[in-house]
Amino acid sequence: MKYAFSTISWTSFTWKEAVAMAKDLGFSGIEVRGLENNVYAVDARPFSSQQVLKTAEQLANLHLEVSCFSTACNLNDIYKAKENVHQLKAYIDLAAKMGTSYVRLLSDDSIEPNETATDDAVISVITEILPYAEKKHVTLLLETIGIYCDTDRLRKVLEHFASDNLAALWDIHHPYRFNNESPEKTVQNLGAYIKYVHMKDSVINDNQLEYRLMGEGDLPIEEIVGALKSINYDGYISYEWIMSWSSDLDDPGIVFPHFMNYITSKYEDNKNTKKLYYNKTKTGRFIWKKEELIDFTFPQVLDKMVEEFPDQYAFRYTTLDYTRTYSQFRDDVDKFARSLITLGVKRGDHVAVWATNIPQWFITFWATTKIGAVLVTVNTAYKIHEAEYLFRQSDTHTIVMIEGYKDSPYAEIMKELCPELKNSVPGKPLHIKRLPFLRNIITVDFSMDGCISWEDAMDMHKKTPIEEVYRRASTINKDDVCNMQYTSGTTGFPKGVMLTHYNIVNNGKCIGDCMD
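See the structure below:
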């Protein structure tokens, strides 16, 4: 985690004072919103054409950086559209020279939702400057302020562009205070679009907003920190304090140290207490204590494994040429998860896998559960009547299948169940009379009319941004159903048993515990 402070309201700071403050107090960055009595930072002395490279070198030598350039351009001021575009491009140029990743944008000049502001005005300006930012490798950040206190509305704008160079700046205060939006909801809406965070605290007294030092207001800071942890956020948390908020607190030597002490105690609380548990023979380690249940979803389990053992082998299929570390396997899972979303798989939809013990089985399982869909496991010995019953009764949306196994010819079975495949176009939604909810069939190591090959399906990941996978993963609860297993018990007809993340994760953990 990295911390910065904003120069907002501290424009009388000299650059030397700002740098010394950051270095002495343990900040990693300085967010520039005006400097040395110049609101337009491009014209500030340290960033002049004569000084800018020296300034960048000075910061690098001190292991500091400008974390973000925050502009004051009101994107909804249509009368200043040309001027705004000119200024924003100047900021993008400055960021590129300084090696700064982010330039902050303002949707309008109000911190509260403004009925007169429009998305169209924002989109118009971004459409003009985004290609320029992409060329300069600078990311534009739309802040959760004004009309974008409604983060669902902000997400739609971000999805409109679907660019890696346009993301969200989460000001933790405004959506909560002005839109009654919980931190959990904000993270569900924005997920991995969140690339930068503004932090402040406040209370409401007699219907009046009063800003306070961190921890002295009533914002749910622990919930906010928990929400950031849930998406593995490791970017900047930047503190904003305006001197006019309190006449008694106009000394940065008080305000900034208080912030650092407070936020590190909240965010870094377990940083140095992480513990692994040895197995009995001391030849390996467990992440979780034995004989205790854990409250993790499947995506969280995989993320934790990547965090602790990124370069340890997760799979080694020597005969199938598939060897992956945990980190590499998660990359495959994320890619196929994006493909499933492209193919129309939604939260709660059913994805069936009809295959033996091959890599695609595991990738399908983890990708399906990561986006909130439900994996339907299919018995490898099923014949046509059993398969039809399962696919119909489970309302299967997508099937991943091999050609067959032993005396069960899966391909021939599907051709008989789905004669419409002959006239279907691969990649287009299927419409099958006998299986009315089926939309896709993905074939592994063989081809069939109307179906998508595994390789072509994987290639479809390019049409869905990774942020959508992260957003869906953040909405999953441990008690959500993730797997439907058909079992007859003894002699009865098979019935779908609904299992949650909590069921299967802990079942697997208990089995592993017993094997030690």
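Residue numbers (this note's numbering): 167 to 682. Each residue gets a CB set at the ideal place from its N, CA and C atoms; glycine is no exception.
Which first and last residues belong to the beta strand (DSSP E) in which residue 542 is found?
Mapped onto the sequence shown, residue 542 falls at position 376. Here the beta strand (DSSP E) through residue 542 covers 540 to 543.
Hey, how far is the Cα of residue 687 from the Cα of residue 480?
The requested residue 687 does not occur in the structure, where the chain is confined to residues 167 to 682.
Hey, residue 118 and residue 516 are a contact pair by Cβ (cut 8 Å); roughly how many whole angstroms apart?
The chain is shown from 167 up to 682; residue 118 falls before or after that span and cannot be answered.
Going by beta-carbon coordinates alone, are residue 195 and residue 222 separated by less than 9 Å?
The residue you call residue 195 lines up with position 29 of the sequence shown. The residue you call residue 222 lines up with position 56 of the sequence shown. It is not a contact, given that the beta carbons lie outside the stated cut-off.
In chain order, which continuous runs of the alpha helix (DSSP H) of length 4 or greater are located wholly inside the segment 545 to 589?
550 to 559 and 576 to 583
Please list the terminal residues of the continuous alpha helix (DSSP H) segment that includes residue 364.
On the sequence shown, position 198 is the one that residue 364 refers to. Careful: residue 364 lies outside any alpha helix (DSSP H), inside the beta strand (DSSP E) at 360 to 365.
Residue 197 vs residue 505 beta-carbon contact at 9 Å
What you label residue 197 is simply residue 31 of the sequence shown in a count that begins at 1. What you label residue 505 is simply residue 339 of the sequence shown in a count that begins at 1. No.
Between the CA atoms of residue 537 and residue 408 - distance to the nearest angstrom:
In the sequence shown, residue 408 corresponds to position 242, counting from 1. In the sequence shown, residue 537 corresponds to position 371, counting from 1. For residue 408 and residue 537, the distance between alpha carbons rounds to 41 Å.
Does the beta-carbon of residue 406 have 16 or more other beta-carbons within 10 angstroms, so that it is buried, or is it exposed?
Locating residue 406 in the sequence shown gives position 240, where the first residue counts as 1. Flag for residue 406 reads buried.
Whose CA, out of 646, 167, 586 and 671, lies closest to the CA of residue 394?
The residue given as residue 394 occupies position 228 in the sequence shown. For residue 394, the nearest C-alpha among the options comes from 167.
Near residue 283, which residues of its chain fall below 8 Å by C-beta distance, leaving aside the five closest residues on each side in sequence?
Taking the first residue of the sequence shown as position 1, residue 283 is located at position 117. For residue 283, where only same-chain residues beyond five positions count, the Cβ hits under 8 Å are 242, 273, 274, 276, 312 and 313.
Given residue 582, which residues of its chain have a CB within under 7 Å of its CB, disregarding the five upstream and five downstream residues?
Working through the sequence shown from its first residue, we reach residue 582 at position 416. Answer for residue 582: 550, listed in chain order.
Tell me, to the nearest whole angstrom, how far the beta carbon of residue 235 is from that of residue 257; I am working on the premise that it is less than 8 Å.
Along the sequence shown, one-based indexing puts residue 235 at 69. Along the sequence shown, one-based indexing puts residue 257 at 91. Going by Cβ atoms, the distance from residue 235 to residue 257 rounds to 5 Å, so yes, they are a contact pair.
For a test of the three-state rule: what should DSSP assign to residue 481, helix, strand or coil?
In the sequence shown, counting from the first residue as 1, residue 481 sits at position 315. Here residue 481 sits in strand by DSSP.
Beta-carbon contacts of residue 570 that lie in its chain and below 7 Å, excluding the five residues immediately before and after
Here residue 570 corresponds to residue number 404 of the sequence shown, with the count starting at 1. Correct list, in chain order: 576 and 577.
Classify residue 361: buried if its beta carbon has 16 or more other beta carbons within 10 angstroms, exposed otherwise.
Here residue 361 corresponds to residue number 195 of the sequence shown, with the count starting at 1. Buried, since its Cβ has 16 or more Cβ neighbours within 10 Å.
Could you check whether the segment 346 to 364 touches the segment 291 to 298, counting it as contact only if at least three pairs of C-beta atoms, one from each stretch, sit closer than 8 Å?
no
Helix, strand or coil for residue 612? Go by DSSP, reduced to three states.
For the purposes of this step, residue 612 is taken as the residue at position 446 of the sequence shown. Coil.
Residue 286 versus residue 510: straight-line alpha-carbon distance, rounded
Position 120 of the sequence shown, counted from the first residue, corresponds to residue 286. Position 344 of the sequence shown, counted from the first residue, corresponds to residue 510. Taking the straight line from one Cα to the other gives about 28 Å.
Based on the DSSP output, what are the partners of residue 235 in its beta bridges?
Along the sequence shown, read from residue 1 onward, the residue named residue 235 stands at position 69. Paired residue(s): 198 and 269.
Below 9 Å between beta carbons: does that hold for residue 618 and residue 608?
Numbered from 1 along the sequence shown, position 452 holds the residue referred to as residue 618. Numbered from 1 along the sequence shown, position 442 holds the residue referred to as residue 608. Yes, these two residues count as a Cβ contact at 9 Å.
Do you know how far the Cα of residue 169 is from the Cα of residue 402?
For the purposes of this step, residue 402 is identified with residue 236 of the sequence shown, where counting begins at 1. For the purposes of this step, residue 169 is identified with residue 3 of the sequence shown, where counting begins at 1. Taking the straight line joining both Cα atoms gives about 5 Å.
Between residue 595 and the rest of its own chain, which residues show a CB-CB distance below 8 Å, the 5 nearest in sequence each way excluded?
By 1-based counting over the sequence shown, the position of residue 595 is 429. Closer than 8 Å at Cβ, skipping near neighbours: 510, 605 and 606.
Considering only the beta carbon of each residue, do residue 302 and residue 261 sit closer than 9 Å?
Your numbering for residue 302 matches position 136 in the sequence shown. Your numbering for residue 261 matches position 95 in the sequence shown. Against a cut-off of 9 Å, the Cβ pair of residue 261 and residue 302 comes out as a contact.
Which residues in the same chain have their Cβ closer than 8 Å to the Cβ of residue 646, if we skip the five residues on either side of it in sequence?
Stepping through the sequence shown from its first residue, residue 646 is reached at position 480. Cβ within range, chain order: 463, 538, 666 and 667.
Counted within 10 angstroms of its Cβ, other Cβ atoms place residue 659 as buried (16 or more) or exposed
Position 493 of the sequence shown holds residue 659. Exposed.
With respect to the alpha helix (DSSP H) encompassing residue 229, which residues constitute its N-terminal and C-terminal limits?
Start at 1 with the first residue of the sequence shown, and residue 229 comes out as number 63. Careful: residue 229 lies outside any alpha helix (DSSP H) and carries neither H nor E.
Cβ separation of residue 472 and residue 496, assumed to be a contact under 8 Å, to the nearest whole Å
The residue given as residue 472 occupies position 306 in the sequence shown. The residue given as residue 496 occupies position 330 in the sequence shown. Indeed, because the Cβ distance is near 5 Å, the residues count as touching under 8 Å.
Going by beta-carbon coordinates alone, are residue 365 and residue 422 separated by less than 9 Å?
Within the sequence shown, residue 365 is the residue found at index 199, counting from 1. Within the sequence shown, residue 422 is the residue found at index 256, counting from 1. No, the Cβ-Cβ distance between residue 365 and residue 422 is not below 9 Å.
Cβ-based burial, residue 652 [other Cβ within 10 Å; buried from 16]
Counting from one through the sequence shown, the residue named residue 652 turns up at place 486. When all chains shown are included, residue 652 counts as buried.
Per-residue burial, residue 663 [other beta carbons within 10 Å of its own, 16 or more giving buried]
If you number the sequence shown from 1, residue 663 lands on position 497. It is exposed - the Cβ of residue 663 has fewer than 16 other Cβ atoms within 10 Å.
Report all residues from its chain with a CB closer than 8 Å to the CB of residue 443; omit the five preceding and five following residues, and keep chain order.
For the purposes of this step, residue 443 is taken as residue 277 along the sequence shown, with counting starting at 1. 451, 452, 453, 454, 455 and 456.
Residue 176 (DSSP reduced to helix, strand or coil)
Looking up residue 176 in the sequence shown gives position 10. Coil.
For residue 260, the first and last residue of its enclosing alpha helix (DSSP H)
As a first step, residue 260 must be located in the sequence shown, where it is residue number 94. Unbroken alpha helix (DSSP H) run through residue 260: 247 to 264.
Should residue 540 and residue 546 be called a contact, given that it needs their Cβ atoms to be closer than 9 Å?
Here residue 540 corresponds to residue number 374 of the sequence shown, with the count starting at 1. Here residue 546 corresponds to residue number 380 of the sequence shown, with the count starting at 1. No; because the gap between Cβ atoms is not below 9 Å, this pair is not in contact.
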